């Protein structure tokens with residue numbers, strides 16, 4: 014679980030978390046959300062969420078059981094191939110946009126997908142440091158070394 018220090022800015026998610034979810038696979042992601050097809054007037058309207066798990070994974074996301082997901086980033090999700098394509102397309106997407114309805118009201122979640130800023134490398138106190146060195150001038154108070162030969 015992320016610590017508050019590692020939390021993305023409000024309204025955004027870390028790109029590396031998106032890439033990690035994609036790398037884990039669509040099947041793994043589907044283990045975190047249980048859905049059933051939803052129909053309106055005999056036509057497919059989306060997938061109704063019946064359960065989100067584990068709770069901590071979803072606690073900062075405004076989705077809940079009973080919500081009906083209609084599309085992801087404007088892509089249809091009716092067929093498994095469409096849902097998979099929408100999932101994989103997140104790899105290069107600038108945002109995650111989920112169109113859904115709750116209690117008959119249309120809603121939309123929008124999260125910017127952002128990269129973490131590179132943090133400076135931690136300093137190691139005993140690590141060697143390479144600095145440019147100017148050639149030293151001969152010390153005028155001492156005579157050059159004599160050959161004892």
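Residue numbers (the working numbering): 14 to 162. In this text, a Cβ means the ideal position worked out from N, Cα and C, and glycines have one as well. Note that the structure is a prediction, hence the values are computed from the model and not measured.
- In the three-state reduction of the DSSP assignment, residue 91 falls in the coil class, being assigned neither a helical nor a strand state.
- In this model, residue 118 and residue 86 are separated by some 19 angstroms (Cα to Cα).
- Going by DSSP, residue 48 is part of the beta strand (DSSP E) stretching over 46-53.
- For the set 121, 43, 107 and 51, the Cα lying nearest the Cα of residue 128 is the one of 107.
- With 16 or more other Cβ atoms from the protein chains shown falling within 10 Å of its own Cβ, residue 28 counts as buried.
- By the beta-carbon neighbour count (other beta carbons within 10 angstroms, threshold 16), residue 24 is exposed.
- With a cut-off of 8 angstroms on Cβ pairs, the segment 35-54 is in contact with the segment 92-100, counting three or more such pairs.
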